[in-house]
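Heads up: the sequence shown begins at 8 in the numbering used here, then just goes up one per residue.
Each residue gets a CB set at the ideal place from its N, CA and C atoms; glycine is no exception.
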Amino acid sequence: MTDARLRRGRGSLAVSFFVQGVSFALLVTRIPAIQDRYGISDGLLPAFLAAVPILAGVASVMTEKVVARVGPAVVLRWAQPFVLLSLLAVGVGSELWQAAVALGLFGLAVGALDASMNMLGVSLQRAYGRSIMLGFHASYSLGGIAGASLAWVGAHWHLSLFVSYLPVVAVLLPLAFVGSRWYVAGGEPTGDPVVAEESKGSGVAFKLLMPLCLVMTFAYIGDSTVSNWSAKYLQDVLGSSEELATVPYNAYMVTTLLGRAVGDFGVRRLGATVVVRAGAVLAALGFAVVAVSPGAWVGIAGFTVLGLGLSVIVPQTFAAAGRLFPGASDAAVARLNVFNYVGFLIGSPLVGALGDTWSYRGAMLVPMVLVLVTVVYATSFGPRAARYGGGHERPRTVDVG
């Protein structure tokens, strides 16, 4: 495989991650507007919101079967436009059933998209011979910041959902479709021969994958805690203004982007185990600062540290799955991706229930402890000698930019 082809494949996949970041942010940041447009009651809203990750998890499992026949590039090529069109459909309807259909289609498309994107990322990292997964997720974070900013513009100018979504979809849809021409899978699977032999025949041994599934779940419990509760925590617990309460999530997103932008260099130099452990400790420190914060600005500092810590964990979890199952990395990524949605489903209700029955300060200690468990499981991310965090990675045997 030529260096130029790998570079084009890497660039086009980074664009896909960016587009997905924009799409998802445009949906989740306009939930109040969606609720108003369709007249969704407060009691019914959690069911609508839960349906999206549940259907995404179902689609992720189905994607494992589909890519075995057509490959992840084909799935991604068609799933991404479907996500964008279903986002636009959310802004078109007016009846409750139309919202249910549009959000359901969005969830199914997102599950296929997330799984196939990370499959391609893992295989490209294998071909490069060095850590590049964090860079892809940095593109996603950048897209999330752009999407949230566009959503703010729509809300500020009181634009309808359709008017807000249409120009974004009109730009991103052809960009994603044209870019999909250069998707490329990586090199031949290689890896730890002991692990490969142990997983032979069964494809993906759940016993080996389970530590990574737990890490993925705990990371997304932490992430959903920030996205769903940071504003309420700052305003109701720390007594900030409504405007200041919007700052923690923005700060979290910026440090997530920064952590992922430089994280690959840390993995190449120190190895994934060291980087993941450091990230888990930083994230736990951030939650601890938030829990004991005497005021709003200290709380914001805690959420900022959180973003830096959590930023490295998810991309390296996908990369570790590729190393553990070099002959079945697509299946491993598809199954691991389900626990992304499990963490999302658990996190927000868990913190809310603990906050209501106990205290929101105390509730912040629960994701802190769960994230710290990652330190115990960090050895699943590869031996220190591997340097780049995956047995399938080779020290710059293929250096293509």
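Secondary structure of residue i, DSSP reduced to three states
{"i": "V321", "result": "helix"}
{"i": "M69", "result": "helix"}
{"i": "G16", "result": "helix"}
{"i": "W104", "result": "helix"}
{"i": "T36", "result": "coil"}
{"i": "G408", "result": "Reliability of the predicted coordinates at G408 is poor, the pLDDT of 32 falling under 50, and no value is obtained from them."}
{"i": "I61", "result": "helix"}
{"i": "P181", "result": "helix"}
{"i": "L241", "result": "helix"}
{"i": "S138", "result": "coil"}
{"i": "F346", "result": "helix"}
{"i": "Y227", "result": "helix"}
{"i": "G150", "result": "helix"}
{"i": "I47", "result": "coil"}
{"i": "S130", "result": "helix"}
{"i": "H144", "result": "helix"}
{"i": "S30", "result": "helix"}
{"i": "W85", "result": "helix"}
{"i": "A158", "result": "helix"}
Inter-residue spacing [alpha-carbon to alpha-carbon] between residue i and residue j
{"i": "A155", "j": "F31", "result": "9 Å"}
{"i": "S355", "j": "D121", "result": "21 Å"}
{"i": "P79", "j": "G369", "result": "42 Å"}
{"i": "A252", "j": "A134", "result": "44 Å"}
{"i": "Q132", "j": "T381", "result": "23 Å"}
{"i": "L277", "j": "L315", "result": "17 Å"}
{"i": "G329", "j": "D230", "result": "23 Å"}
{"i": "G302", "j": "S123", "result": "42 Å"}
{"i": "V319", "j": "S234", "result": "17 Å"}
{"i": "I271", "j": "G246", "result": "Per the sequence shown, the amino acid found at residue 271 is Asp instead of Ile. Approximately 38 Å between the Cα atoms of the pair."}
{"i": "A226", "j": "V26", "result": "22 Å"}
{"i": "V105", "j": "A360", "result": "Here the sequence assigns Gln to residue 105, which means Val is not the residue at that position. If you take the alpha carbons of Q105 and A360, they lie about 30 Å apart."}
{"i": "L292", "j": "V283", "result": "14 Å"}
{"i": "V312", "j": "S248", "result": "21 Å"}
{"i": "S148", "j": "P333", "result": "27 Å"}
{"i": "P60", "j": "N347", "result": "9 Å"}
{"i": "L221", "j": "Q323", "result": "13 Å"}
{"i": "V378", "j": "H165", "result": "39 Å"}
{"i": "A107", "j": "T36", "result": "18 Å"}
{"i": "R15", "j": "R188", "result": "9 Å"}
{"i": "V254", "j": "A212", "result": "42 Å"}
{"i": "P39", "j": "W304", "result": "27 Å"}
For residue j and residue i, believed in contact at Cβ under 8 Å, the rounded distance
{"i": "L331", "j": "L216", "result": "7 Å"}
{"i": "L91", "j": "L179", "result": "6 Å"}
{"i": "I119", "j": "V82", "result": "It is worth fixing the name first, because residue 119 is Ala in this sequence and not Ile. With 8 Å as the limit, A119 and V82 qualify as a contact, their Cβ atoms being about 6 Å apart."}
{"i": "S19", "j": "Y256", "result": "Incorrect: roughly 29 Å between the Cβ atoms, too far for contact."}
{"i": "I152", "j": "I353", "result": "Not really, about 25 Å apart at Cβ, beyond 8 Å."}
{"i": "L62", "j": "S93", "result": "With a Cβ gap of about 11 Å, L62 and S93 do not count as contacting."}
{"i": "V373", "j": "L357", "result": "7 Å"}
{"i": "A86", "j": "A116", "result": "5 Å"}
{"i": "S130", "j": "F24", "result": "So it is not a contact: roughly 15 Å between Cβ atoms."}
{"i": "M223", "j": "V288", "result": "The pair is not a contact, with the Cβ atoms about 18 Å apart (cut-off 8 Å)."}
{"i": "A326", "j": "A279", "result": "7 Å"}
{"i": "L33", "j": "L182", "result": "Rounded, the Cβ-Cβ distance is 15 Å, inconsistent with contact."}
Any non-hydrogen atom of the ligand GDP within 6 Å of residue i CB
{"i": "H163", "result": "In the structure shown, the ligand GDP is absent, as is every other ligand, since no ligand is present at all."}
### Message
Could you check whether the region 260 to 268 touches the region 359 to 367, counting it as contact only if at least three pairs of C-beta atoms, one from each stretch, sit closer than 8 Å?
### Response
no
### Query
Three or more beta-carbon pairs under 8 Å between the region 337 to 352 and the region 67 to 77, yes or no?
yes
#### Entry: Touch test, the region 46 to 58 against the region 170 to 185, Cβ-Cβ under 8 Å, three pairs minimum
no
### Message
Contact between the region 41 to 53 and the region 99 to 107 is defined here as three or more beta-carbon pairs at a separation below 8 Å; is this criterion met?
### Response
yes
### Task
Please go through the region 280 to 313 and give each complete beta strand (DSSP E) segment of 3 or more residues, from N-terminal end onward.
none
### Minimum length 3: unbroken beta strand (DSSP E) runs contained in the region 329 to 383
none
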